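For the sequence shown, the positions run 29 to 328 when this note's numbering is used. By construction, the Cβ of each residue, glycine as well, lies at the ideal position given by its N, Cα and C atoms. Predicted, not measured: the structure shown is a model, and the values here were computed from it. Structure, as structure tokens:
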Amino acid sequence: MPLRQLYPDPEKTAEDEAIVDIVAVHGLNPRSKPDQEHAWDTWRTPSGPEGKLWLRDELPKELPHARIFLYEYNSTAVYGKDSTTFIDKVNAFLEAMRIDRRKAPRRPLLLLGHSLGGLLIKQALINAHNNEKYQDMKLATQGLAFFATPHDGGKQSLVNIGQIAAKIALNLGFQKGDNILETLKEGSMFSDLMHEHWKQRLLEYPIVSFWGTLDNIVPRESTSFGLPGKHENVVSLQASHGGVCKFGTSLQDRDNFKLVQANIQDLYDSAIANGELVAVPKEDPVDGALEKRFTGLREH
29 MPLRQLYPDP EKTAEDEAIV DIVAVHGLNP RSKPDQEHAW DTWRTPSGPE
79 GKLWLRDELP KELPHARIFL YEYNSTAVYG KDSTTFIDKV NAFLEAMRID
129 RRKAPRRPLL LLGHSLGGLL IKQALINAHN NEKYQDMKLA TQGLAFFATP
179 HDGGKQSLVN IGQIAAKIAL NLGFQKGDNI LETLKEGSMF SDLMHEHWKQ
229 RLLEYPIVSF WGTLDNIVPR ESTSFGLPGK HENVVSLQAS HGGVCKFGTS
279 LQDRDNFKLV QANIQDLYDS AIANGELVAV PKEDPVDGAL EKRFTGLREH
């Protein structure tokens, strides 16, 4: 379950030129679609290698000092088992990030999730809070962006989250009687996300929640956390559930992208302003270079 670096080209650019990492996480695969293909097609249109992948083709124009990644994973294995399997697979995500960021573990981090991928991100932050091995990830995370992710409006209801997750699976071609559908409907794998202490943890992170006005799967009231405005910005896009995070050449897509780009830019700017390299050994050359770059950017 690897991270794929989209920008900059790792063969041509030194890692210490980046000051913020951005990782995008897809949701549940359509029933007959390979993991790798879905990881990319979640964010590009039209589907396939010739499609426009805004994370690689457009976002870097505004965020030139970011490293941008896709996370590829077997989502059926993640969401189709029990809560223990879900937590283990989430730890695999944390481990992939830890390895890719080991030269600069406190480089500010932004996490983007589509649909159930947003729930994986939320569980990853819970795991990071509970595991000393991933403390750097917890401290480095400076912003979260969710696209059509079911949060249930901040209400604590496994039933509601499970029903919406099952509806997402049905829309992707899974059928009644499929194990994954029954597992999702039960909702027990998401029990950690329902605890009140997690809602308090959320106040540590700037959050943007995007929802599609044409989304007939995840309702608007479920796509926000119900947090105070200063902690969460809820943004509507004229898009379907799948189209909320991919942008083509139509006028509507360009308008949607402008809203997404501006909000991610806000998270990026905030990450630069607030990025603190706490408890990092001074002899680390990459983090030393990062500290100098933060100072320079804050002075401009």
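- Closest in alpha carbon position to Arg95, among Leu122, Phe275, Asn159 and Gln33, is Gln33.
- Here DSSP, grouped into helix, strand and coil, assigns Lys258 to coil.
- Counting along the chain, no alpha helix (DSSP H) covers Ala94; the unbroken beta strand (DSSP E) around it starts and ends at Ala94 to Tyr99.
- Listed in chain order, the beta strand (DSSP E) runs fully inside the region 34 to 76 are 48 to 53, counting runs of at least 3 residues.
- One thing to note: Lys204 has its Cβ no nearer than 7 Å to the Cβ of Ile245.
- Closest in alpha carbon position to Lys80, among Asn302, Phe285 and Tyr296, is Phe285.
- Remark: C-beta atoms of Gly141 and Phe114 do not approach each other more closely than 7 Å.
- With contact defined as three or more Cβ pairs closer than 8 Å, the region 274 to 294 and the region 151 to 164 are not in contact.
- Taking a cut-off of 8 Å on C-beta distances, the region 162 to 180 touches the region 231 to 243, as three or more cross pairs fall below it.
- In this structure the region 248 to 267 does not touch the region 127 to 141; the number of beta carbon pairs closer than 8 Å is below three.
- Beta-bridge partners assigned by DSSP to Phe175: His142 and Phe238.
- Taking C-beta separations shorter than 7 Å and ignoring five residues to either side along the sequence, the partners of Leu147 in its chain run Thr177, Phe218 and Leu221, following chain order.
- With distances taken between CA atoms, Pro133 lies nearest to Ile47 out of Ile47, Pro30, His269 and Val263.
- Within the same chain, and ignoring the five residues on either side of Arg84 in sequence, the residues whose Cβ sits closer than 6 Å to its Cβ are Leu34 and Tyr35.
- Residue range Ser103 to Tyr107 is occupied by the alpha helix (DSSP H) that includes Thr104.
- In the three-state reduction of the DSSP assignment, Arg32 falls in the strand class, which pools E and B.
- Its chain contains Val118, Phe121 and Leu122 as the residues whose beta carbon lies nearer than 6 Å to that of Ala152, once the 5 sequence neighbours on both sides are disregarded; these appear in chain order.
- By the criterion of a C-beta distance shorter than 7 Å, Glu100 is surrounded in its chain by Met29, Pro30, Arg32, Asp63, Gln64 and Ala67, once the five residues flanking it on both sides are discounted.
- Residue state for Leu295 is assigned as helix, using DSSP reduced to three classes.
- Judged by beta-carbon spacing, Pro136 lies within the 7 Å limit of Ala299, meaning their Cβ atoms are closer than that value.
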